[in-house]
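Below is one structure, written out as structure tokens; comments come after it.
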Amino acid sequence: AQTVTQSQPEMSVQEAETVTLSCTYDTSENNYYLFWYKQPPSRQMILVIRQEAYKQQNATENRFSVNFQKAAKSFSLKISDSQLGDTAMYFCAFMKHELLNSGYALNFGKGTSLLVTP
Amino acid sequence: KAGVTQTPRYLIKTRGQQVTLSCSPISGHRSVSWYQQTPGQGLQFLFEYFSETQRNKGNFPGRFSGRQFSNSRSEMNVSTLELGDSALYLCASSPRDPTEAFFGQGTRLTVV
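In the order they appear, the protein sequences are chains H and S. Mapping to our numbering: the first sequence position 42 is 42, numbers consecutive. Mapping to our numbering: the second sequence position 100 is 1100, numbers consecutive.
Pasting the structure below:
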């Protein structure tokens, strides 16, 4: 079974600063996907960024980027130029590649609560 | 394009009752999955449906069941409700690429 660990239950950052959220995972799979989801107070989960394990290049989406270290099984999220609207719970998630066509399932970490302050 | 719609948004039920939650996916999406979110256990996968077939199931008791209709709308049912079933139930729909899951706003179920 895959486990996803987010070791930082809560974090705080000032507006315009940079913050990094940590995520480690445990798997024996060689091909898989990793995700960061954001859950604001509205509770709707929003996909922030995703990474395919076989791609060595780190994914980037505007102010969001990841540091994917496959050997270390680490997948951190960096948020640059933090904005008040980034305040939310952030979840790291894992998906096995083999499940893409046979019933996918996201395996989530416990989440990190991020507060962006003025 | 309308997003994933979950109804109802809030629900209060009594222990022992049963409940049915509904999820309407984004138009054209044929895959629907369900997750339970609680403060203690976090987000846990319940099941996934594609073209009316359950393809994957999480580690939940048989009291939790679901189905998908020909229009891809999905329902999940929980029978003999327990206090521990109180949770936010999230539904997600996906297009052909399941790595692009879109979530609804969830149904908040409270069992008293």
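Yeah, the Cβ is synthetic: ideal placement off N, Cα and C, and Gly gets one too.
Own chain residues within Cβ distance below 7 angstroms of residue i, not counting five before or after
i                       : result
residue 54 of chain H   : 31
residue 24 of chain H   : 5, 73 and 74
residue 1181 of chain S : With chain S covering 1001 to 1112 only, the question about residue 1181 of chain S has no answer from this structure.
residue 1098 of chain S : 1031
residue 8 of chain H    : 21, 22 and 112
residue 1106 of chain S : 1006, 1088, 1089 and 1090
residue 1100 of chain S : 1094
Buried versus exposed, by CB contacts within 10 Å (16 or more), residue i
i                       : result
residue 104 of chain H  : buried
residue 1104 of chain S : buried
residue 1092 of chain S : buried
residue 1012 of chain S : exposed
residue 26 of chain H   : exposed
residue 1053 of chain S : exposed
residue 1004 of chain S : buried
residue 1068 of chain S : buried
residue 42 of chain H   : exposed
residue 109 of chain H  : buried
residue 1017 of chain S : exposed
residue 118 of chain H  : exposed
For residue j and residue i, the rounded distance between their alpha carbons
i                       : j                       : result
residue 1022 of chain S : residue 1040 of chain S : 24 angstroms
residue 76 of chain H   : residue 67 of chain H   : 5 angstroms
residue 1108 of chain S : residue 1010 of chain S : 5 angstroms
residue 1050 of chain S : residue 1070 of chain S : 10 angstroms
residue 1062 of chain S : residue 13 of chain H   : 43 angstroms
residue 1110 of chain S : residue 47 of chain H   : 27 angstroms
residue 1014 of chain S : residue 1112 of chain S : 5 angstroms
Any chain S beta carbon closer than 9 angstroms to residue i
i                      : result
residue 11 of chain H  : no
residue 91 of chain H  : yes
residue 35 of chain H  : yes
residue 110 of chain H : yes
residue 104 of chain H : yes
Proximity test, Cβ basis, 9 angstroms: residue i and chain H
i                       : result
residue 1109 of chain S : no
residue 1010 of chain S : no
residue 1055 of chain S : yes
residue 1044 of chain S : yes
residue 1102 of chain S : yes
residue 1098 of chain S : yes
residue 1094 of chain S : yes
residue 1021 of chain S : no
Check whether residue i and residue j have beta carbons under 9 angstroms apart
i                       : j                       : result
residue 56 of chain H   : residue 35 of chain H   : no
residue 89 of chain H   : residue 40 of chain H   : yes
residue 19 of chain H   : residue 70 of chain H   : no
residue 1074 of chain S : residue 1066 of chain S : yes
residue 1019 of chain S : residue 1081 of chain S : yes
residue 81 of chain H   : residue 38 of chain H   : no
residue 1059 of chain S : residue 1048 of chain S : no
residue 45 of chain H   : residue 115 of chain H  : no
residue 84 of chain H   : residue 17 of chain H   : no
residue 1102 of chain S : residue 107 of chain H  : no
residue 64 of chain H   : residue 1043 of chain S : no
6 angstroms CB neighbourhood of residue i in its chain, flanking five on each side removed
i                       : result
residue 1038 of chain S : 1087
residue 59 of chain H   : 49, 51 and 66
Proximity test, Cβ basis, 9 angstroms: residue i and chain C
i                     : result
residue 42 of chain H : Among the protein chains of the structure shown, namely H and S, there is no chain C.
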